[in-house]
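Residue numbers (this note's numbering): 2 to 204. No residue lacks a Cβ here, since even glycine has one placed at the ideal position from N, Cα and C. Let me begin by presenting the structure, written as structure tokens, before commenting on it.
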Amino acid sequence: SLPCHLKYAYLGNDQQFPVIIVNNLHLEQEEKLLQVLRQHKKAIGWRLLDLPEINPSICMHKILMEEEARLIRQQQRRMNPTILDVVKKEVMKLLAAGIIYPILDSQWVIPVHVVSKKSGMTVMKNQHDELATRKDHFPLPFIDQVLEKLVGKSHYCFLDGFSGYMQIHIALEYQHKTTFTCPFDIFTYTRMSFDLCNALSTF
2 SLPCHLKYAY LGNDQQFPVI IVNNLHLEQE EKLLQVLRQH KKAIGWRLLD
52 LPEINPSICM HKILMEEEAR LIRQQQRRMN PTILDVVKKE VMKLLAAGII
102 YPILDSQWVI PVHVVSKKSG MTVMKNQHDE LATRKDHFPL PFIDQVLEKL
152 VGKSHYCFLD GFSGYMQIHI ALEYQHKTTF TCPFDIFTYT RMSFDLCNAL
202 STF
């Protein structure tokens with residue numbers, strides 16, 4: 002359920018293409034907002050298959066390792082049978098979108114973990130932060146600096162990037178370092194996942 006100040010609106014018929022908007026807009030304001038969103042509906046993603054790809058000539062993620070980095074090749078871990086279906090659905094979804102592909106062998110293999118979110122959703126996470134990756138010291142802004150820019154503003158728009166990291170390709174020579182194992186096969190990523198070190202600065 003949504004917070005009391007928000008509500009669902011729909012850009013299509015029969016409650017298709019949902020968006021979340023504030024519920025205290027005047028009718029005219031709401032119609033103008035939805036009109037703009039409908040005009041740019043192709044820029045909004047509802048499924049992984051809707052994700053656009055950033056041209057690799059513009060940006061690609063690279064996984065540079067520290068000199069003392071050691072190979073990580075871990076075995077698959079036992080899973081509670083009740084969450085196997087969650088992992089299978091996630092794997093099939095990523096496969097269908099071309100975000101992962103099966104790989105025969107890799108010297109970098111990490112098992113998947115299944116974690117629960119506060120919203121009640123269960124997600125599949127790969128512990129790629131265990132890689133001894135060379136840290137990118139990109140100057141990210143502090144949250145208070147971002148909030149200061151909103152002072153005195155009566156309206157603001159918050160856009161939640163839908164799996165935005167996965168719009169960015171991983172350079173081919175580094176893809177094998179994202180290999181993960183699960184009960185259904187061994188896979189590697191073609192695009193950047195949230196749990197990769199330096200993914201935030203690349204994004």
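Where the beta strand (DSSP E) through residue i begins and ends
i	result
K154	That residue, K154, is in no beta strand (DSSP E); it is neither H nor E in DSSP.
V115	111-117
K8	7-11
DSSP-derived helix/strand/coil call for residue i
i	result
P19	strand
I169	coil
T182	strand
H41	coil
T191	coil
I101	strand
Assigned exposure category for residue i - 16 Cβ within 10 Å defines buried
i	result
F143	exposed
W109	buried
S107	buried
L50	exposed
S202	exposed
E93	This sequence places Met at residue 93; Glu is not what is there. Result: exposed.
V152	exposed
H170	buried
S194	buried
Q176	buried
Extent of the continuous alpha helix (DSSP H) run through residue i
i	result
D196	Element bounds for D196: n/a, residue is neither H nor E.
I59	Note, I59: premise wrong, no alpha helix (DSSP H); not H, not E.
T83	82-97
Between the CA atoms of residue j and residue i - distance to the nearest angstrom
i	j	result
Y157	M167	26 angstroms
P19	R79	37 angstroms
E32	L197	40 angstroms
Q36	S155	21 angstroms
P4	F159	15 angstroms
V116	L96	20 angstroms
I55	L65	21 angstroms
L206	N81	Outside the displayed span of the chain (2 to 204) sits residue 206, for which this structure offers no information.
H41	K90	30 angstroms
I101	V88	14 angstroms
Rounded distance between the beta-carbons of residue j and residue i, thought under 8 angstroms
i	j	result
T191	G99	6 angstroms
P112	T189	Going by Cβ atoms, the distance from P112 to T189 rounds to 14 angstroms, so no, they are not a contact pair.
L38	L7	That pair is no contact at about 15 angstroms.
I84	I187	Between I187 and I84 the Cβ distance is about 19 angstroms, and since that is not below 8 angstroms, they are no contact.
A200	K63	Actually they do not touch by this definition, with Cβ atoms about 11 angstroms apart.
Q77	P184	7 angstroms
L34	L26	7 angstroms
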